[in-house]
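One structure below.
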Amino acid sequence: MSTIPVIHTANESTVLAAASRAVADALSELEQVWRNPRPDAVVAAARRQLAAAESWADARREGA
């Protein structure tokens, strides 16, 4: 279970909703690899989570 809530709004665009789901999925993956930490796996998952969060932020800024 994620420790950070992902908030969805009723009027989210499809692009923004997909980006939001990608953030939640990447965060879930990061939390899973953190439980049995292998440095390379944690770093890779953290990078994927950061990339997903950046995509979500870009979509929000662009008004998607």
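Note that our numbering has the sequence shown beginning at 64, numbered continuously upward. Just so it is clear, CB atoms sit at the ideal spot from N, CA and C, and this is done for glycine as well. Predicted model, so just to flag it, every value in this text is computed and none were measured.
Considering Cα atoms alone, identify which of the options is closest to residue i.
i   : options                 : result
L90 : A116, S76, T77 and V78  : A116
D87 : R111, R124, S76 and T77 : The sequence shown places Ala at residue 87, not Asp. For A87, the nearest C-alpha among the options comes from R111.
Where does residue i fall in DSSP's three states?
i    : result
R101 : coil
E125 : coil
S76  : coil
At the level of alpha carbons, what is the spacing between residue i and residue j?
i    : j    : result
V106 : A114 : 12 Å
A108 : A85  : 12 Å
R98  : A104 : 11 Å
L79  : A122 : 6 Å
E92  : S83  : 14 Å
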